[in-house]
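A.B. asks: With the numbering used here applied, the sequence shown corresponds to residues 654 to 740, in that order. Where a beta carbon is used, it is the ideal one built from N, C-alpha and C, also for glycine. Next up is a structure, given as structure tokens.
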Amino acid sequence: MATETATDTLTVTEVKQAMKVLRLGEWTEDLLDEIELDRRLKISLEQADRGEGRPIEEFKKELNQKFASGYFSKENARRRIEERFNG
654 MATETATDTL
664 TVTEVKQAMK
674 VLRLGEWTED
684 LLDEIELDRR
694 LKISLEQADR
704 GEGRPIEEFK
714 KELNQKFASG
724 YFSKENARRR
734 IEERFNG
């Protein structure tokens, strides 16, 4: 989930280098994921504050379609996870 720029001031490469120097390299991806989730949450909250969003009916319809198509099946979930970590 890590992006090219982890924060406004640090790049992913800089974060990785710093974590390696601190001997915390094994937690680098977790930290980058947390940074990305925080960034996305901030964007979502800003959108909500502006009144942007999707109607709940639209969300429910999409969710029901995904369940009906098998999107949330164990096999499909495993495939998506593997693609994310291997791709």
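1) To the nearest angstrom, how far is it from the Cα of F725 to the Cα of E711?
2) Look at the alpha carbon of R707 and the alpha carbon of F738, and state the distance between them as a whole number of angstroms.
3) Under a three-way DSSP split, which group does T681 fall into?
4) My guess is that V665 and L685 are in contact by the Cβ rule of under 8 Å, so how many angstroms apart are they, rounded?
5) Report yes if the C-beta distance between I688 and V668 is below 9 Å; otherwise report no.
6) How many Å lie between L663 and A721 at the Cα?
7) Determine the direct distance from the alpha carbon of N729 to that of I696, and round the result to whole angstroms.
C.D. replies: By the coordinates alone:
1) Residue numbering aside, residue 725 sits at position 72 when the sequence shown is read from its first letter. Residue numbering aside, residue 711 sits at position 58 when the sequence shown is read from its first letter. F725 and E711: Cα-Cα distance of roughly 18 Å.
2) For the purposes of this step, residue 707 is taken as residue 54 along the sequence shown, with counting starting at 1. For the purposes of this step, residue 738 is taken as residue 85 along the sequence shown, with counting starting at 1. For R707 and F738, the distance between alpha carbons rounds to 29 Å.
3) The residue labelled residue 681 in the question sits at position 28 within the sequence shown. In this structure, T681 counts as helix in the three-state DSSP scheme.
4) Taking the first residue of the sequence shown as position 1, residue 665 is located at position 12. Taking the first residue of the sequence shown as position 1, residue 685 is located at position 32. With 8 Å as the limit, V665 and L685 qualify as a contact, their Cβ atoms being about 6 Å apart.
5) Within the sequence shown, numbered from 1, the residue matching residue 688 stands at position 35. Within the sequence shown, numbered from 1, the residue matching residue 668 stands at position 15. Yes, they are a contact pair.
6) Reading the sequence shown from its first residue, position 10 is the one you call residue 663. Reading the sequence shown from its first residue, position 68 is the one you call residue 721. L663 and A721: Cα-Cα distance of roughly 42 Å.
7) Translated into the one-based positions of the sequence shown, residue 696 becomes position 43. Translated into the one-based positions of the sequence shown, residue 729 becomes position 76. If I take the Cα positions, the gap works out to 28 Å.
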